[in-house]
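Here the structure comes first, spelled out in structure tokens, and everything after it is commentary.
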Amino acid sequence: MNPPPALLDFLTGWLGEPPRDIRSVGASMSSAARFHAGGTSYLVKWTNGGETPPDGWPGMLAAEARGLALLASAQAVRIPDVYTSGEAEGGALAYLVMEWIEPDSRADRQKAGALLGERLAAQHRVGAEAFGLDHNNYCGATPQDNRWMNSWVVFYGQRRLGFQMDLAAQRGLMPAERRRRLERLIERLGQWLPEPAQPSLLHGDLWGGNWLIAAGGEPAIIDPAVFFGDREAELAMCHLFGGFPASFFAAYDAAWPPDPGRDERMPLYQLYHLLNHLNLFGEAYGIQVDAVLRRYVG
């Protein structure tokens with residue numbers, strides 16, 4: 000799918016020449032294309048259809064641009080440069096233009112994974128005064144409530160698990176027994192989750208499809224759902240769907256050793272993303288959600 004005419008007109012004016020060699024690329028929650036101009040490769044994402052974000056939320060691409068900028072400010076893991084973003088056609092069309100990072104299919108994944116682990120640990124050492132973020136954003140297409148809280152246990156229970164529970168109930172995906180277990184788990188969350196020593200800057204949605212290896216074996220991360228939270232939540236997502244070499248986890252733990260009990264807490268942090276997938280893709284994820292709930296609350 001090529002960019003719509005209004006976006007092509009904007010790109011032509013912004014670049015001073017028409018974009019060329021436009022090729023559609025995969026993007027989970029928006030349309031996207033790679034193009035060339037002036038000897039440079041770019042990635043443009045766009046959404047259209049006039050969807051209105053919830054009150055208190057920026058548009059999806061505006062939130063992505065802010066998240067990429069925040070991650071880049073950590074000067075840890077490579078992040079694609081954001082060149083411009085905005086809206087056209089009275090807000091019916093939103094766009095984001097950024098650096099195209101060409102994946103290196105010949106790179107050594109073990110070496111790149113180890114480098115990613117070291118750099119992610121450095122990113123996680125960037126802290127904040129509380130848990131959350133100064134703006135709301137999205138995890139995939141799901142709104143993500145980032146209003147600040149001083150307690151991580153309360154933040155995770157309310158802003159993450161509770162938010163997903165209420166959304167699933169609205170969508171008919173929270174039968175009575177599932178809701179009873181989830182409410183019980185949220186009430187008892189402090190039995191399993193300690194308060195972290197500090198809030199860490201998280202990518203927020205770091206699964207195997209959201210990192211790549213650039214030229215020279217340099218790892219990069221894309222498509223963030225940024226907030227300040229417990230670093231264990233990030234690593235739990237990395238484990239959930241695979242896509243990371245063993246060297247990644249070994250290098251991360253060498254750079255920042257795990258706290259006792261991390262493996263026991265991991266399914267609790269994976270639950271957020273399983274609930275999100277339940278809301279995004281339906282009851283196929285209900286079995287995994289229920290299994291986590293039974294593990295902790297019977």
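Just so you know, numbering that gives the first Met the number 0 puts 86 at position 87 of the sequence shown, and the rest follows in order with no gaps.
In this text, a Cβ means the ideal position worked out from N, Cα and C, and glycines have one as well.
Report task. Could you tell me the boundaries of the beta strand (DSSP E) in which Ser-72 lies? Result -> Translated into positions along the sequence shown, residue 72 becomes position 73. Annotation for Ser-72: no beta strand (DSSP E) segment contains it, though the alpha helix (DSSP H) segment containing it runs 59-72.
Query - Close-in-space but distant-in-sequence residues of the same chain around Gly-171 (CB under 8 angstroms, 5 per side omitted) - result: Locating residue 171 in the sequence shown gives position 172, counting from the first residue. If we look at Gly-171 and ignore the five residues flanking it on each side, it has no Cβ neighbours.
Query raised in the report: What runs of the alpha helix (DSSP H), each 4 residues or longer, lie entirely inside the region 225-259?
Result: Correct list: 230-239, 245-254.
Report task. Taking only the alpha-carbon atoms, compute the straight-line gap between Ser-23 and Pro-259 and give it to the nearest angstrom. Result -> Position 24 of the sequence shown, counted from the start, is the residue given in the question as residue 23. Position 260 of the sequence shown, counted from the start, is the residue given in the question as residue 259. Within the model, the alpha-carbon separation for Ser-23 versus Pro-259 is close to 45 angstroms.
Requested in this report: Tell me whether Leu-172 sits in a helix, a strand or coil according to DSSP, three-state version.
Outcome: Position 173 of the sequence shown, counted from the start, is the residue given in the question as residue 172. Note: Leu-172 maps to coil in three-state DSSP.
Report task. Compute the beta-carbon to beta-carbon distance between Ala-224 and Gln-143, rounded to the nearest angstrom, for a pair I have assumed lies under 8 angstroms. Result -> Mapped onto the sequence shown, residue 224 falls at position 225. Mapped onto the sequence shown, residue 143 falls at position 144. About 6 angstroms separates the two Cβ atoms, so the contact holds.
Query - Rounded distance between the beta-carbons of Gly-139 and Leu-279, thought under 8 angstroms - result: In the sequence shown, counting from the first residue as 1, residue 279 sits at position 280. In the sequence shown, counting from the first residue as 1, residue 139 sits at position 140. Cβ atoms of Leu-279 and Gly-139 come within 8 angstroms of each other, at about 6 angstroms.
**Report entry** Close-in-space but distant-in-sequence residues of the same chain around Leu-69 (CB under 6 angstroms, 5 per side omitted)
**Finding:** On the sequence shown, residue 69 is found 70 positions in, with the first residue counted as 1. Cβ within range, chain order: Val-225.
Requested in this report: Look at Pro-198 and His-134 and say whether their C-beta atoms are less than 9 angstroms apart.
Outcome: Along the sequence shown, one-based indexing puts residue 198 at 199. Along the sequence shown, one-based indexing puts residue 134 at 135. Result no, Cβ atoms of Pro-198 and His-134 do not sit closer than 9 angstroms.
Query raised in the report: Could you give the uninterrupted runs of the beta strand (DSSP E) lying entirely in the region 179-230, keeping only those of 3 residues or more?
Result: If one requires a minimum length of 3 residues, the beta strand (DSSP E) runs lying completely within the region 179-230 are 199-201, 210-212, 218-220, 226-228, in chain order.
Requested in this report: With a threshold of 16 other CB atoms inside 10 Å of the CB of Ser-84, please say whether the residue is buried or exposed.
Outcome: For this step, residue 84 is matched to residue 85 along the sequence shown. Per the 10 Å Cβ criterion, buried.
Query raised in the report: So is Thr-46 buried or exposed if we call it buried at 16+ other beta carbons inside 10 Å?
Result: One-based indexing of the sequence shown puts residue 46 at position 47. Thr-46 is buried by the Cβ-count criterion.
Query raised in the report: Cβ of Ala-71 within 9 angstroms of Cβ of Val-125?
Result: Start at 1 with the first residue of the sequence shown, and residue 71 comes out as number 72. Start at 1 with the first residue of the sequence shown, and residue 125 comes out as number 126. It is not a contact, given that the beta carbons lie outside the stated cut-off.
Query raised in the report: Excluding the five sequence neighbours on either side, which residues of its own chain have a C-beta within less than 7 angstroms of the C-beta of Ser-150, listed in chain order?
Result: Taking the first residue of the sequence shown as position 1, residue 150 is located at position 151. Once the five neighbours on either side are set aside, the close Cβ partners of Ser-150 are Glu-194.
**Report entry** Host alpha helix (DSSP H) of Asn-278 (start-end)
**Finding:** Working through the sequence shown from its first residue, we reach residue 278 at position 279. Counting along the chain, the alpha helix (DSSP H) containing Asn-278 begins and ends at 261-280.
Requested in this report: Taking 9 angstroms as the cut-off, decide whether the C-beta atoms of Ala-93 and Met-59 are in contact.
Outcome: Numbered from 1 along the sequence shown, position 94 holds the residue referred to as residue 93. Numbered from 1 along the sequence shown, position 60 holds the residue referred to as residue 59. For the pair Ala-93 and Met-59, the CB atoms are nearer than the 9 angstroms cut-off.
Query raised in the report: Rounded to the nearest angstrom, how far is the Cβ of Ala-214 from that of Asp-80, given a contact under 8 angstroms?
Result: Here residue 214 refers to the residue found at position 215 of the sequence shown. Here residue 80 refers to the residue found at position 81 of the sequence shown. With 8 angstroms as the limit, Ala-214 and Asp-80 do not qualify as a contact, their Cβ atoms being about 15 angstroms apart.
Query raised in the report: Mapping DSSP to helix, strand and coil, what is Ile-286?
Result: Position 287 of the sequence shown, counting from 1, holds the residue named residue 286. In the structure shown, Ile-286 adopts helical secondary structure according to DSSP, grouped into three states.
Query - Continuous beta strand (DSSP E) assignments of at least 3 residues falling wholly in the region 99-164 - result: Within the region 99-164, the complete beta strand (DSSP E) runs of at least 3 residues are 136-138, 141-143.
Requested in this report: Keeping to the same chain, check which residues put their C-beta closer than 6 angstroms to that of Arg-230; ignore five residues upstream and five downstream.
Outcome: Locating residue 230 in the sequence shown gives position 231, counting from the first residue. Same-chain partners within the cutoff: His-123, Ser-199.
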